[in-house]
Amino acid sequence: DTGVSQNPRHKITKRGQNVTFRCDPISEHNRLYWYRQTLGQGPEFLTYFQNEAQLEKSRLLSDRFSAERPKGSFSTLEIQRTEQGDSAMYLCASSFSRYEQYFGPGTRLTVT
Amino acid sequence: TQLLEQSPQFLSIQEGENLTVYCNSSSVFSSLQWYRQEPGEGPVLLVTVVTGGEVKKLKRLTFQFGDARKDSSLHITAAQTGDTGLYLCAGWANAGKSTFGDGTTLTVKP
Chain A
241 DTGVSQNPRH KITKRGQNVT FRCDPISEHN RLYWYRQTLG QGPEFLTYFQ
291 NEAQLEKSRL LSDRFSAERP KGSFSTLEIQ RTEQGDSAMY LCASSFSRYE
341 QYFGPGTRLT VT
Chain B
14 TQLLEQSPQF LSIQEGENLT VYCNSSSVFS SLQWYRQEPG EGPVLLVTVV
64 TGGEVKKLKR LTFQFGDARK DSSLHITAAQ TGDTGLYLCA GWANAGKSTF
114 GDGTTLTVKP
């Protein structure tokens, strides 16, 4: 399967801990996106990379969130000092064309 | 802030019925996508529309982009239980950022 993959699929952590998620995009895709989705809502844009450059970041993203895409391949999203409000599905998507994006299965984060 | 409003929020129909769901905005989008999402999974891309007035058909699904590129609709003919899911629209104003609606949850009963 050559789709977008995300690891882990599920993460349970205690409040205050740091967590890191990984996304492996479709190999020929140069654009990579991170979204957050809570129950009953659509995905909410967090950040966007073109190759290794982080070109846009949502104002909703606090200083506790950081994303990287070294070498323009896989990406990681780190959340420091997690809070209960961080509980959500974190979605990664990649694209080659200007607008279409293909999503991974997501990482479900639960902060207790 | 560009907002996409989807309606209805919930729709429950019998198998074989037709339905239409809507995606509306006051903003103009360069393109708009429709996705279907199942619980615990990521959204799956159904279609991209780019040109105002464009109509695309995908088997029993018909997608239309408004002339002013501010709204879109998805029509399903003879719904099947496998069509059950969350239908999301997403609009792009530039290459970097898309805006999603909150979706229409469709339940097709046998």
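Same order as they appear, the protein sequences are chains A and B. The opening position of the first sequence corresponds to residue 241 in the numbering used here, with each subsequent residue numbered one higher. The opening position of the second sequence corresponds to residue 14 in the numbering used here, with each subsequent residue numbered one higher. Glycine residues also receive a C-beta, built at the ideal position from the N, C-alpha and C atoms. Owing to the predicted nature of the structure, the values given are computational and were not obtained by experimental measurement.
> What residues in its chain sit with their C-beta under 8 Å from that of N258 (chain A), if we drop five residues either side in the sequence?
Replying inline: Once the five neighbours on either side are set aside, the close Cβ partners of N258 (chain A) are E318, I319, Q320, R321 and T322.
> Would you call the stretch 323-339 of chain A and the stretch 241-255 of chain A touching, i.e. three or more CB-CB distances under 8 Å?
Replying inline: yes
> Using a Cβ-Cβ cut-off of 8 Å (strictly less than) and excluding sequence neighbours within five positions of K70 (chain B), which residues of its own chain qualify?
Replying inline: Around K70 (chain B): F76.
>> Going by C-alpha to C-alpha distance, which of A:E284, A:R262, A:T242 and A:H250 sits closest to L16 (chain B)?
In response: A:E284
> Under a three-way DSSP split, which group does D96 (chain B) fall into?
Replying inline: helix
> My guess is that F27 (chain B) and K122 (chain B) are in contact by the Cβ rule of under 8 Å, so how many angstroms apart are they, rounded?
Replying inline: First, the amino acid is wrong: residue 27 (chain B) is Gln here, not Phe. Confirmed, about 5 Å.
> In whole angstroms, what separates the C-alpha of E308 (chain A) from that of L295 (chain A)?
Replying inline: 11 Å
> For G325 (chain A), which three-state DSSP category applies?
Replying inline: Here G325 (chain A) sits in helix by DSSP.
>> Please tell me whether Y35 (chain B) has its Cβ less than 9 Å away from any Cβ of chain A.
In response: no
>> Using CA atoms only, rank isn't needed, just tell me which of B:F78, B:T120, B:T117 and B:T112 is closest to Y288 (chain A).
In response: B:T112
> If you measure from the beta carbon of P21 (chain B) to each beta carbon in chain A, is any gap under 9 Å?
Replying inline: no
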